[in-house]
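Here the working numbering is used: position 169 in the sequence shown is 169, and no number is missing along the way. Idealized CB from N, CA, C, for every residue including glycine. Comments concern the structure below.
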Amino acid sequence: TALTQSEPPRVGLSKLFPDGNFPEGELQEYKDDNAWRTTSEEKRYDEKMAMEDPEVTYNNIRRAAEVHRQVRKYARKFIRPGMSMTEIAEGIEDGTRALVEENGLESGVGFPTGVSLNHCAAHYTPNAGDTVVLQQGDVLKVDFGVHVKGRIVDSAFTMTFDPTYDKLLEAVKAATDTGIREAGIDVRLGEIAGAIQETMESYEVEIGGKLIPVKAIENLSGHSINPYQIHGGKSVLLVKNDDATKMEEGEYFAIETFGSTGRGRVVEQGDCSHYARIVNAPNVPLRLTTAKSLLKSINKNFGTLPFCRRYLDRAGESKYLLALNHLVQQGIVQDYPPLCDARGSMTAQFEHTILLRPTRKEVVSRGEDY
Ligand SMILES: COc1ccc(Cn2nnc3c2[C@](C)(O)CC[C@@H]3OC(=O)NC(C)C)cc1
Ligand SMILES: [Co+2]
Numbered sequence: 001t002a003l004t005q006s007e008p009p010r011v012g013l014s015k016l017f018p019d020g021n022f023p024e025g026e027l028q029e030y031k032d033d034n035a036w037r038t039t040s041e042e043k044r045y046d047e048k049m050a051m052e053d054p055e056v057t058y059n060n061i062r063r064a065a066e067v068h069r070q071v072r073k074y075a076r077k078f079i080r081p082g083m084s085m086t087e088i089a090e091g092i093e094d095g096t097r098a099l100v101e102e103n104g105l106e107s108g109v110g111f112p113t114g115v116s117l118n119h120c121a122a123h124y125t126p127n128a129g130d131t132v133v134l135q136q137g138d139v140l141k142v143d144f145g146v147h148v149k150g151r152i153v154d155s156a157f158t159m160t161f162d163p164t165y166d167k168l169l170e171a172v173k174a175a176t177d178t179g180i181r182e183a184g185i186d187v188r189l190g191e192i193a194g195a196i197q198e199t200m201e202s203y204e205v206e207i208g209g210k211l212i213p214v215k216a217i218e219n220l221s222g223h224s225i226n227p228y229q230i231h232g233g234k235s236v237l238l239v240k241n242d243d244a245t246k247m248e249e250g251e252y253f254a255i256e257t258f259g260s261t262g263r264g265r266v267v268e269q270g271d272c273s274h275y276a277r278i279v280n281a282p283n284v285p286l287r288l289t290t291a292k293s294l295l296k297s298i299n300k301n302f303g304t305l306p307f308c309r310r311y312l313d314r315a316g317e318s319k320y321l322l323a324l325n326h327l328v329q330q331g332i333v334q335d336y337p338p339l340c341d342a343r344g345s346m347t348a349q350f351e352h353t354i355l356l357r358p359t360r361k362e363v364v365s366r367g368e369d370y
């Protein structure tokens with residue numbers, strides 16, 4: 001039996017971690033008026049919870065995080081200009097499904113593999129027939145998810161193949177680390193946003209002899225994550241605001257920031273690929289028989305996890321577009337078109353998933369790469 005991961009990655013992690021214990025992420029103490037948590041009653045409670053049974057509490061998401069680290073390590077090696085977006089997305093999905101030992105809704109891909117290019121920041125993955133090929137000068141956002149028992153790790157990084165936009169990537173990586181450092185129990189979302197924007201906008205990029213300020217994208221955000229629900233309802237914006245909503249103990253957050261050399265604002269642009277069944281969707285009677293059967297397939301294969309058209313193809317669905325658009329119109333499925341800044345601008349993203357544990361923050365998706 002293999003004791004190390006193969007290349008391409010195909011060895012399930014239960015074989016690499018036979019005792020079922022998966023590594024803890026990076027630990028950060030809470031700041032200021034929550035620092036007391038490190039040595040308090042909660043500590044014993046927290047440790048008791050973690051020791052109680054390795055499978056319980058945080059072990060599921062740590063298994064998902066280890067899959068994420070091993071797949072992205074391979075992705076950063078194999079993704080090269082000249083590859084199609086389909087080859088890139090499927091290379092990541094094949095690795096994820098193998099390592100997480102995909103098993104229905106128990107474990108698998110967390111959401112569609114985002115491979116947004118250049119001025120597009122999020123929610124692009126190729127549909128069948130997409131012929132786009134990665135170019136040398138492209139700025140590629142790789143945003144993919146892994147889930148174990150519905151606990152989703154949402155983490156993303158940006159890849160380039162020449163140094164032109166290094167300062168943009170540096171700005172976004174720094175802004176995301178600021179967001180992670182500022183996050184904490186009882187911290188206001190608006191405060192974190194202000195700190196993110198300040199870090200992001202302290203950078204500029206020199207393009208063709210011109211200095212361009214990096215802008216935080218004002219209508220994108222990080223978000224809370226619930227079991228089987230990628231967006232838990234709380235948004236961590238990237239620009240200063242007075243949202244007094246607080247982060248709470250036990251919550252999971254995707255801390256992601258997006259920087260741009262353009263407007264600093266995205267609009268919906270291009271064909272939709274990303275969808276998700278709405279949690280507590282209205283139980284409207286569906287007249288369209290094809291919509292009824294498509295909804296059954298969505299519930300069976302994804303539940304409320306986001307999916308894309310390629311995943312419907314893979315599940316054996318065909319000629320489903322009319323039915324899918326009907327489910328969107330009826331408010332049963334939400335569509336998420338690609339989100340793009342101005343043509344000619346460049347956007348970058350870095351993202352981690354953090355756990356607000358009683359005694360400390362755990363950056364569960366942290367790796368040696370970012
Ligand atoms: C359908 O597949 C997905 C996959 C991930 C998500 C998670 N998410 N939810 N919202 C966003 C995201 C992304 C993909 O992180 C990118 C940023 C985007 O922020 C945003 O729009 N914020 C406004 C509400 C202000 C959602 C759906
Ligand atoms: Co993400």
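heavy atom of ligand 1 below 7 angstroms from residue i C-beta
i: I230; result: yes
i: S6; result: no
i: L220; result: yes
i: A254; result: yes
i: D341; result: no
i: D414; result: No answer is possible for residue 414: the residues shown for the chain start at 1 and end at 370.
i: Y124; result: no
i: Y336; result: yes
i: S235; result: yes
i: Y311; result: no
i: F111; result: yes
i: A276; result: yes
i: P306; result: yes
i: H147; result: no
i: H223; result: yes
Limits of the unbroken alpha helix (DSSP H) element including residue i
i: D313; result: R309 to R314
i: T290; result: T289 to N301
i: S14; result: L13 to L16
Strand pairing of residue i, partner residues [DSSP]
i: Y275; result: F307 and D335
i: S260; result: K215 and T347
i: A254; result: H223 and T353
i: V266; result: V266 is not bridged to any residue.
i: V133; result: S84
Check: residue i C-beta below 7 angstroms from any heavy atom of ligand 2
i: E268; result: no
i: E93; result: no
i: E351; result: yes
i: D371; result: Residue 371 cannot be examined here, being either before or after the span of the chain that is shown, 1 to 370.
i: D154; result: yes
Bounding residues of the beta strand (DSSP E) (the contiguous stretch that carries residue i)
i: Q329; result: Run containing Q329: none in the beta strand (DSSP E); it sits in the alpha helix (DSSP H), L321 to Q329.
i: S155; result: R151 to M159
i: Q28; result: E26 to Q28
i: L140; result: L140 to V148
i: F22; result: First-last for F22: undefined, no H or E at that position.
i: E362; result: K361 to V363
Just list the alpha helix (DSSP H) runs in the segment 38-126, keeping only unbroken ones of 4 residues or longer that don't cross its boundaries, in chain order. 41-52, 59-78 and 85-99
With a floor of 3 residues, list each beta strand (DSSP E) that falls wholly inside the segment 172-249, ordered by position along the chain. 204-207, 210-213, 221-225 and 235-237
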